[in-house]
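Just remember that the numbering used here sits 2 ahead of the position in the sequence shown, which is counted from 1. We treat Cβ as the ideally placed atom computed from N, Cα and C, and that holds for glycine. Okay, structure first, notes after.
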Amino acid sequence: MKLNINIDAGAKEPEIMITTAHMTEDINRVVDFVSRLDDAPTIISGIREDKVELLDTDAIVKIYAEDSKVFTQTNKGTYQIRLRLYEAEERLDSSKFVRISNSEIVNLKKVKSLDLSFVGTICMELSNGTVSYVSRRYVSKIKKVLGL
Numbered sequence: 003m004k005l006n007i008n009i010d011a012g013a014k015e016p017e018i019m020i021t022t023a024h025m026t027e028d029i030n031r032v033v034d035f036v037s038r039l040d041d042a043p044t045i046i047s048g049i050r051e052d053k054v055e056l057l058d059t060d061a062i063v064k065i066y067a068e069d070s071k072v073f074t075q076t077n078k079g080t081y082q083i084r085l086r087l088y089e090a091e092e093r094l095d096s097s098k099f100v101r102i103s104n105s106e107i108v109n110l111k112k113v114k115s116l117d118l119s120f121v122g123t124i125c126m127e128l129s130n131g132t133v134s135y136v137s138r139r140y141v142s143k144i145k146k147v148l149g150l
């Protein structure tokens with residue numbers, strides 16, 4: 003893939019143009035990434051002890067569903083959020099956050115280590131000391147994302 007940047011002092015706003023013979027998965031990922039730049043919020047509101055706190059998405063370790071509620075864990079503690087898990091997944095940067103099971107999304111920047119010794123699954127130790135398991139359904143996706 004070739005990249006050209008053209009600096010034009012008269013440009014009113016940045017413009018991105020892709021020239022290709024046919025659409026590929028890589029081009030679709032670039033388009034998806036660029037289209038999310040303006041839309042992606044960098045904060046999520048979390049509720050703890052009847053107080054609403056604004057959480058920077060970079061501080062989030064994981065988001066998970068439990069007892070029909072959705073929670074987010076940071077190094078400061080656990081917060082309830084008023085989004086469904088799929089809504090949170092859509093709002094987060096897909097290059098940083100990845101779904102590891104039907105009920106959990108983790109921040110790849112907060113993964114401390116991986117234990118591949120379990121057959122059919124991956125054990126993830128996160129930066130806050132918690133351990134999460136990648137379900138069998140998502141193992142191949144995680145391996146692809148991490149280049150394993």
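Specify, as a first and last residue, the run of the alpha helix (DSSP H) that residue i falls within.
| i | result |
| --- | --- |
| A90 | L87 to R93 |
| S142 | R138 to L148 |
With the cut-off set at 8 Å, would you say residue i and residue j are in Cβ contact?
| i | j | result |
| --- | --- | --- |
| A90 | V72 | yes |
| L110 | T59 | no |
| S129 | K112 | yes |
| Q45 | Q82 | Residue identity check: residue 45 is Ile in the sequence provided, not Gln. Result no, Cβ atoms of I45 and Q82 do not sit closer than 8 Å. |
| I29 | I20 | yes |
| V207 | V36 | The question about residue 207 has no answer here: the residues shown for the chain are numbered 3 through 150. |
| Y66 | S96 | no |
List the whole-angstrom C-beta distance separating residue i from residue j, where the pair is believed to meet the contact cut-off of C-beta under 8 Å.
| i | j | result |
| --- | --- | --- |
| E127 | S115 | 5 Å |
| I107 | Y140 | The pair is not a contact, with the Cβ atoms about 10 Å apart (cut-off 8 Å). |
| L56 | S70 | Rounded, the Cβ-Cβ distance is 24 Å, inconsistent with contact. |
Locate the beta strand (DSSP E) running through residue i, then write down its first and last residues.
| i | result |
| --- | --- |
| N130 | That residue, N130, is in no beta strand (DSSP E); it is neither H nor E in DSSP. |
| K114 | V113 to D117 |
| F120 | No beta strand (DSSP E) holds F120; DSSP gives it neither H nor E. |
| S103 | F99 to S103 |
Quick one: does the C-beta of residue i sit closer than 7 Å to a heavy atom of the ligand MN?
| i | result |
| --- | --- |
| V141 | Because no ligand of any kind appears in the structure shown, any question about the ligand MN cannot be addressed here. |
Checking contacts by CB at 8 Å: is residue i closer than that to chain B?
| i | result |
| --- | --- |
| V33 | This model lacks chain B altogether, as it is built from one protein chain only. |
Notebook entry, point to check: Is the region 69-87 touching the region 11-26 in the sense that three or more CB pairs, one from each, lie closer than 8 Å?
Noted result: no
Check: Of all the alpha helix (DSSP H) runs that stay within the bounds of the region 3-76, which reach a length of 4 or more residues?
Finding: 27-38
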